[in-house]
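Residue numbers (my numbering), protein chains in the order written: chain A, 1 to 162; chain B, 1 to 795.
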């Protein structure tokens, strides 16, 4: 067991746990932050997608010992706070797009979808391009309810608001 | 009918109103329950009116209709609920909230939203003040707590409206009494009553006055004019919570000391634990609190799920044989084919078209893996999880623990998808076993690999179809289906029907694991299967092979129909070819009724049917009707090399459906956007089942172990264009759309592939014989370790 500290949704946190425990379990089982979901634990389904220093990352595949005290982790719970331009519900443009297009069905995958979409839009923006169909095809998040076409619409719309 | 309801009168005769569409009852009797604040119920036997002949399904040739054309699963389930509808209630709280605990599962199909719409309209309340939760398992409901078959609204339509109307009437009566005015001068609107002289009182303020000291009947009249909510595309009531990570699923619940628990599972289906070689070493591993054998494997409880995974991978277990260790897809297919019931020979001189379709096993996994929280303390048990059948779950737990049913509480959480998986509560039973064994609360979750391999599958099916032709007619159509036993031992959601299905000897039945289940399979098949074309004498029938638990199966979304429909629609398109007609013309010409034609026309028009398609691409059109819902699906596919040869890491690309246009006549759309969402989901499902997704079984275990192995639809398989056109309402009763979208979509996708490749598939999915394209995960240990290099992929 060792002490591990990092910044979570804007606040410094510390946990005492073995080095090899993956961040998804640190978040869910130790810190009780349960927005990021378990879908596979092997970096396939993307249900756990959160942000590490603003970038898409999958906590199921990162041991806590790989996280430094200065690392900033953002989960779905903390996304709205990071938005430069908040929308009508006081949320991040991607969350607002998800509400506008009523994207979710069961909702289990959607935290991961939103975090992945946010990172994708940010990456594409840096290149100066508009979101393309090929970009949308790079979203690996599984949705068993099949909301994919609405996800695509919402991502395209959110990009215009960011 | 007196405008002033008379509490002392016996139930008055209902008046009926005849309309061209059949009888349309408006007058009912509801009940105000004894209590301090208002609570109402309804005890109504009702049936949907048979449509008048002007709108009835057309059956031009005697004997061509199937059982389900006259009485289907929706009808059966509605009637099953009648005896216990009076146990449901709507409550009005003093702060003006209408509360209803829905005796059904919310798994993404949107019923917590749509039930609120129905109540809000009939009660004249703002939607935000109607709170629909999910009821705990209530054995007194008997068959009235089952979720499946798109029945939720249909089964409770009139009872819900009568309850809400009773509340409205009772509140208006209370206001009339309070203001000393005739009740006919009291109006209700937006959660309040209004009097003739400017009086106003909120429902909340009237709740105590409206309550009854003893349960009494009340004459109520349902509203005739459309309200604010039903028929509108209201956003999901939990949307705001979902996008902020605030919607809680079973594993998100904070139940004190319920620690992560997982199970080490056998290398073949239904294997058993014989011995554990290193129990003490594993117990000493970091974070581990308990290790021990339960019926389905070795349970491990630890501080984190990651430490459960470590422990499971370290366990050395001697396993007993499973139930199907020698089986693979081909051996199973042979056995399923061997029980195909024969067809009567065709008459001499008839032109015969015949084909046999094999539709392979598919995973029934939702994204949330099987999971449940359980706390067994002494002779009491409490469980939290997503349950489609909470009553039989409760009763089986009582049986398992040998405790009274009254000592078992089953809570129903909103589920991360179900698609039929939660018809069974496998995780709940395992969690109860583990909690009892360890003497501690557990939060039990299947690993993804376990969920795909050991989780219940959509059983395979073989469909032998034959049609005969003479001149310009189809003179007969027969479909003989055989399947790998679909497990129906949940019965109608409670233990007697479930145990009769299982022929469970513990409850005095024969112990025969095939016959009881087979009778339900055959019956259910007849309640849902039809051939929606004028093909003359029509016969459809099913046989199944295997004990119900030979392989883990369940009814999965749309049950038998994805399989029968893909087979039927492929065959119908071949028939169309033999008539020199295209998919659309042929189906239109042989359509049974105007509603079917309207839906076909809609998609053909919206999808620009008949446009010239470049070589290597194609259009296709398929049709299905079920659960009193008619659906047409037009698809376009791109099977050209540039599309098929796309290289995406760990992905199955293949031909892509580029456009999907659906048309649906659901009778009455409570929430059109939600209907479209359910059909979109069904479409994604149909595409997967036709083109990419199946379980490859070898030596008694499916090989697939993740979403990159089991090729469910991903973004790279998704049509660029998706539309769903909802036809105008044409009936009173709200429809359900959770399932029917799969069948028509699967048919269209398969036909599209056939047309683009110019070959008719007889094995579904069409990629079944392709090389696996992934590395098969180990059987021992049964689950893969989580990667450690994730940081490298941050982007």
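We treat Cβ as the ideally placed atom computed from N, Cα and C, and that holds for glycine.
It should be emphasised that the depicted structure is a prediction, and the values quoted were computed from it without experimental measurement.
| query | result |
| --- | --- |
| Delimiting residues of the beta strand (DSSP E) encompassing residue 297 (chain B) | 297 to 302 |
| Same chain only: Cβ atoms within 6 Å of residue 194 (chain B), ignoring 5 sequence neighbours per side | 187 and 200 |
| Test: residue 413 (chain B) CB closer than 8 Å to a CB of chain A | no |
| Residue from A:76, A:159 and A:16 with nearest C-alpha to residue 52 (chain A) | A:76 |
| Proximal residues, the segment 133 to 153 of chain A versus chain D, C-beta separation under 9 Å | Structure shown: chain D not included; protein chains present are A and B. |
| 6 Å Cβ shell around residue 61 (chain B) - same chain, five flanking residues per side excluded | A caution first: residue 61 (chain B) carries a pLDDT of 41, below 50, which makes its placement in the model unreliable, though a value can still be read off. Cβ within range, chain order: 536. |
| Any beta strand (DSSP E) of 3 or more consecutive residues that is wholly inside the segment 20 to 70 of chain A | 50 to 52 and 55 to 57 |
| Other residues of its chain near residue 494 (chain B): CB distance less than 6 Å, five sequence neighbours each side excluded | 142, 391 and 392 |
| Test: residue 242 (chain B) CB closer than 8 Å to a CB of chain A | yes |
| Inter-residue spacing [alpha-carbon to alpha-carbon] between residue 84 (chain A) and residue 78 (chain A) | 13 Å |
| DSSP bridge partner residues for residue 391 (chain B) (one or two, in chain order) | Answer by DSSP bridge pairing: none, since residue 391 (chain B) is not bridged. |
| C-alpha gap between residue 278 (chain B) and residue 299 (chain B), whole angstroms | 14 Å |
| Within 8 Å of chain A by C-beta, residues of the segment 467 to 491 of chain B in sequence order | none |
| Residue 105 (chain B), DSSP secondary structure in three states | coil |
| DSSP three-state assignment for residue 477 (chain B), whether helix, strand or coil | strand |
| Residue 122 (chain A): first and last residue of the uninterrupted alpha helix (DSSP H) it sits in | 110 to 127 |
| Residues bridged to residue 436 (chain B) (per DSSP) | Residue 436 (chain B) pairs with nothing; no bridge assigned. |
| Rounded C-alpha distance that separates residue 193 (chain A) from residue 558 (chain B) | It is not possible to answer for residue 193 (chain A), since the shown part of chain A is limited to 1 through 162. |
| The segment 36 to 63 of chain A: positions lying closer than 8 Å to chain B by Cβ | 36, 37, 38, 39, 40, 41, 42, 43, 44, 45, 47, 52, 53, 55, 56, 57, 58, 59, 60, 61, 62 and 63 |
| Status (buried if at least 16 other CB within 10 Å, exposed otherwise) for residue 404 (chain B) | exposed |
| Closest residue to residue 463 (chain B) among B:213, B:310, B:477 and B:457 (Cα-Cα distance) | B:477 |
| Under the three-state DSSP convention, the category residue 72 (chain A) falls into | strand |
| is_contact[residue 51 (chain B), chain A] using C-beta, thresh 8 Å | Here the model assigns residue 51 (chain B) a pLDDT of 33, short of 50, so the residue's position is not dependable, and the following value carries that caveat. So, not an interface residue. |
| Given residue 296 (chain B) as reference, the closest of B:189, B:487 and B:430 once Cα atoms are compared | B:430 |
| Coil, strand or helix - residue 539 (chain B) by DSSP | strand |
| Short CB-CB distance (under 8 Å) between residue 252 (chain B) and chain A | yes |
| Helix, strand or coil at residue 44 (chain B) according to DSSP, with G and I counted as helix | coil |
| Interface partners of residue 683 (chain B) on chain A, CB under 9 Å | 146 and 149 |
| Rounded C-alpha distance that separates residue 563 (chain B) from residue 607 (chain B) | 25 Å |
| 8 Å contact criterion, which residue 618 (chain B) and residue 756 (chain B) should meet: CB distance rounded | 4 Å |
| CB-CB length for residue 238 (chain B) against residue 112 (chain B), believed under 8 Å | 7 Å |
| Completely contained beta strand (DSSP E) runs for the segment 668 to 738 of chain B, where each covers 3 or more residues | 721 to 726 |
| Chain B contacts from the segment 104 to 120 of chain A (Cβ-Cβ distance under 7 Å) | 104, 105, 106, 107, 108, 109, 110, 111, 114 and 119 |
| Check whether residue 664 (chain B) and residue 737 (chain B) have beta carbons under 8 Å apart | yes |
| Length-filtered (3 minimum) beta strand (DSSP E) runs lying within the segment 136 to 168 of chain B | none |
| Cβ-based neighbour list, residue 458 (chain B), same chain, cut-off 6 Å, excluding 5 preceding and 5 following | 362, 364 and 556 |
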